[in-house]
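**Student:** Supplied in structure tokens, the structure appears directly below.
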Amino acid sequence: MSPTDTLVLAWHGSRNPAGKALIERITARVAGLLPGVAVHTAWVDIEPELLPETLARVGECTVVPCFLASGYHVTHDVPQAAASVPWPVRVTPHLGGSLHRALLDRVAEAGGPGDAVVLAAAGSKSPAALAEVDAVAARLAAALGVPVTVGNIYLSEPSVADAVA
Numbered sequence: 339m340s341p342t343d344t345l346v347l348a349w350h351g352s353r354n355p356a357g358k359a360l361i362e363r364i365t366a367r368v369a370g371l372l373p374g375v376a377v378h379t380a381w382v383d384i385e386p387e388l389l390p391e392t393l394a395r396v397g398e399c400t401v402v403p404c405f406l407a408s409g410y411h412v413t414h415d416v417p418q419a420a421a422s423v424p425w426p427v428r429v430t431p432h433l434g435g436s437l438h439r440a441l442l443d444r445v446a447e448a449g450g451p452g453d454a455v456v457l458a459a460a461g462s463k464s465p466a467a468l469a470e471v472d473a474v475a476a477r478l479a480a481a482l483g484v485p486v487t488v489g490n491i492y493l494s495e496p497s498v499a500d501a502v503a
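Okay, so the sequence shown: first residue is 339 according to the numbering used here, each after it adds one.
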């Protein structure tokens, strides 16, 4: 088995059952697009089984950090988990700016951008990660032709509620 035979999608984790169900649907969709590849969900926080345990269970694999920016989980937790097992684990870059097309699609599905868009992000203590999210918002604003404001769920300001207000 090689790292290309097994794909691990590394997500933050959620206390919200609907959020977890959505992530499982995304994992199933990715698996459907990649015949012959075993696709797994892994978590870096909150959940009972975290990424190191998933990597120990699945063996050689490629890990895709499913994050908008390279905050602590991307720069610390994912590489540390990959180093915790004695077999090859390839770690791809986090999703980041590659989500641009998906963001445009979600805005279109919502009926278009209206007068402005709020890009909800987790938030981070890392200035570099915050700058990455701002760059995604700027690229989205340029494509949509309306202002895009970042709202953070935690750790950073403005909050999503403040960004919407």
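By construction, the Cβ of each residue, glycine as well, lies at the ideal position given by its N, Cα and C atoms.
These figures come from a predicted structure and were not determined experimentally.
Quick check: the Cα distance between T379 and A454, rounded to an integer number of angstroms?
**Tutor:** The residue given as residue 379 occupies position 41 in the sequence shown. The residue given as residue 454 occupies position 116 in the sequence shown. Each residue's Cα considered, the two are about 33 Å apart.
**Student:** From this set, V416, W425, L468, A440, which residue's C-alpha is nearest Y492's C-alpha?
**Tutor:** On the sequence shown, position 154 is the one that residue 492 refers to. The option with the nearest alpha carbon to Y492 is L468.
**Student:** Just to check my reading of the structure: A475 and G434 have Cβ atoms closer than 8 Å, yes? What is that Cβ distance to the nearest angstrom?
**Tutor:** Residue mapping note: residue 475 aligns to position 137 of the sequence shown, counting from 1. Residue mapping note: residue 434 aligns to position 96 of the sequence shown, counting from 1. Rounded, the Cβ-Cβ distance is 12 Å, inconsistent with contact.
**Student:** Taking three-plus beta-carbon pairs below 8 Å as touching, is the stretch 348–357 in contact with the stretch 381–388?
**Tutor:** yes
**Student:** Within 10 angstroms of the Cβ of T430, are there 16 or more other Cβ atoms? Answer buried if so, exposed if not.
**Tutor:** As a position in the sequence shown, residue 430 is number 92, starting the count at 1. The residue is exposed, with fewer than 16 neighbouring Cβ atoms inside 10 Å.
**Student:** CA-CA distance, G461 and A479?
**Tutor:** Residue mapping note: residue 461 aligns to position 123 of the sequence shown, counting from 1. Residue mapping note: residue 479 aligns to position 141 of the sequence shown, counting from 1. Going from the Cα of G461 to the Cα of A479 covers about 19 Å.
**Student:** Could you compute how far the alpha carbon of A448 sits from the alpha carbon of P424?
**Tutor:** The residue labelled residue 448 in the question sits at position 110 within the sequence shown. The residue labelled residue 424 in the question sits at position 86 within the sequence shown. Spanning the two alpha carbons is a distance of roughly 45 Å.
**Student:** Kindly indicate which three-state DSSP category L406 falls into: helix, strand or coil?
**Tutor:** Walking along the sequence shown from the start, residue 406 turns up at place 68. The answer is coil: DSSP assigns L406 none of H, G, I, E or B.
**Student:** Check whether the Cβ atoms of L375 and L347 lie closer than 8 Å to each other.
**Tutor:** Numbered from its first residue, the sequence shown carries residue 375 at position 37. Numbered from its first residue, the sequence shown carries residue 347 at position 9. The sequence shown places Val at residue 375, rather than the Leu named in the question. Using a Cβ distance threshold of 8 Å, V375 and L347 do not count as a contacting pair.
**Student:** May I ask you to report which of helix, strand or coil DSSP gives L345?
**Tutor:** Counting from one through the sequence shown, the residue named residue 345 turns up at place 7. Strand.
**Student:** Does H438 pass the burial test, meaning 16 or more other C-beta atoms within 10 Å, or should it be called exposed?
**Tutor:** To locate residue 438, count along the sequence shown from 1; it is residue 100. Classification for H438: exposed.
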